[in-house]
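Our numbering applies: residue 661 is where the sequence shown begins, and numbers increase by one.
Where is the CB? At the ideal position from N, CA and C, for every residue including glycine.
Note that this is a predicted model, so its numbers are computed, not measured.
Here is the structure we will look at, set down as structure tokens.
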Amino acid sequence: ERKGGGSEGISWGGSKEGGGGDLRSDLEEARNLVRGAPTAGQSKEARLAKVCERLSKRLGEYKKENEQLEELLAAERKKSSGGAGQLSRLEDEVAHLQTVIGQKHAEYVSTS
Numbered sequence: 661e662r663k664g665g666g667s668e669g670i671s672w673g674g675s676k677e678g679g680g681g682d683l684r685s686d687l688e689e690a691r692n693l694v695r696g697a698p699t700a701g702q703s704k705e706a707r708l709a710k711v712c713e714r715l716s717k718r719l720g721e722y723k724k725e726n727e728q729l730e731e732l733l734a735a736e737r738k739k740s741s742g743g744a745g746q747l748s749r750l751e752d753e754v755a756h757l758q759t760v761i762g763q764k765h766a767e768y769v770s771t772s
């Protein structure tokens with residue numbers, strides 16, 4: 661079950677786990693590596709592989725969160741439609757009882 665009451669979500673400004681940078685910096689780094697911007701230290705391919713790994717992990721987290729949200733949405737829809745069905749049944753019952761009361765009242769008036 662999803663925890664956090666909706667405060668979690670796509671984090672453009674920082675990583676949920678506090679490591680690996682934020683999404684914007686990862687994407688910017690990937691763009692720079694692909695465009696051939698100068699790199700220091702590690703090879704371009706190794707750095708790009710690490711960025712891709714972080715992005716892939718983040719995508720997996722977002723997919724898992726999306727699945728949880730879809731399940732919550734389906735449960736809420738089911739609850740709300742179940743309530744609508746019960747409301748409809750109660751309205752029908754009230755209408756029936758009003759008819760019965762009207763008939764009983766008419767019988768009472770005619771016998772008085």
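Item	Value
Could you give the C-beta distance for K735 and L708, rounded to a whole number, given that I count them as a contact under 8 Å?	Reading the sequence as shown, one finds Ala at residue 735 and not Lys. Not really, about 41 Å apart at Cβ, beyond 8 Å.
In the DSSP assignment, find the alpha helix (DSSP H) that holds G745 and state where it starts and stops.	704 to 771
Count the other CB atoms, across all protein chains shown, that sit within 10 Å of the CB of R774; report buried if there are 16 or more and exposed otherwise.	As shown, the chain starts at 661 and ends at 772. That puts residue 774 outside it, with no answer to give.
How long is the line joining the alpha carbons of V711 and Q728, rounded to whole angstroms?	26 Å
Return the first residue and the last residue of the alpha helix (DSSP H) that D682 is part of.	That residue, D682, is in no alpha helix (DSSP H); it is neither H nor E in DSSP.
Please classify L693 as buried or exposed, where buried requires at least 16 other C-beta atoms within 10 Å of its C-beta.	buried
With respect to 7 Å, is the separation between the Cβ of Y722 and the closest non-hydrogen atom of the ligand FAD below this value?	This structure simply doesn't include the ligand FAD, nor any ligand for that matter.
Using the rule of at least 16 other Cβ atoms within 10 Å of the residue's Cβ for burial, across every protein chain shown, is R714 buried or exposed?	buried
So, R718 versus L683, is the Cβ gap smaller than 8 Å?	yes
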